[in-house]
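Note that the sequence shown covers residues -25 to -1, 1 to 41 in mature numbering (1 follows the signal peptide of the UniProt record, and there is no 0).
Built from N, CA and C at the ideal position, the CB exists for glycine as well.
These numbers come from a predicted model, not from an experiment.
Read through the structure below, which is laid out as structure tokens, and then see the notes.
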Amino acid sequence: MRFFAIFLSLFVVVALFIGKSQIEACVGHDGACTGDNGSQGNCCGGMLCQKNNPSWREGRCYYRPG
């Protein structure tokens, strides 16, 4: 029974870490993003990763124009 409790606790901790990484997966408005200039990159839906210089590693997430 003790082994089961330890295993269950470990499973819950791993599940929380995986869930946390999924929640943080997309970046909101004006957040630092990675990806190609003008693509969604890691921005949340409806936003684009805008870079002032396309060679930069990071840009900013902005809403699509229009």
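Using three-state DSSP, classify residue i as helix, strand or coil.
i	result
residue 101	No answer is possible for residue 101: it lies beyond the span of the chain, which begins at -25 and ends at 41.
phenylalanine -1	The sequence given here has alanine at residue -1, not phenylalanine. Residue state, collapsed to three classes: coil.
Which residue from the options puts its Cα closest to that of residue i?
i	options	result
serine 19	Phe(-15), Tyr37, Pro29	The sequence given here places cysteine at residue 19; serine does not occur at that position. The option with the nearest alpha carbon to cysteine 19 is Tyr37.
cysteine 8	Trp31, Pro40, Arg(-24)	Trp31
Who are the near neighbours of residue i in its chain, counting only those whose CB is closer than 7 Å to its CB and skipping five residues on each side?
i	result
residue 42	Look at the range of the chain in this structure, -25 to 41, and you will see that residue 42 is not part of it.
Where residue i and residue j are concerned, what is the direct C-alpha to C-alpha distance, given to the nearest angstrom?
i	j	result
residue 72	phenylalanine -22	As displayed, the chain neither begins before -25 nor continues past 41, which places residue 72 out of reach and without an answer.
arginine 39	valine -13	37 Å
asparagine -19	methionine 22	This sequence places phenylalanine at residue -19; asparagine is not what is there. Answer to the nearest angstrom: the Cα atoms are 41 Å apart.
asparagine 12	proline 29	6 Å
To which residues of the same chain is residue i closer than 8 Å at the C-beta, ignoring the five residues directly before and after it?
i	result
aspartate 5	Arg35, Cys36, Tyr37
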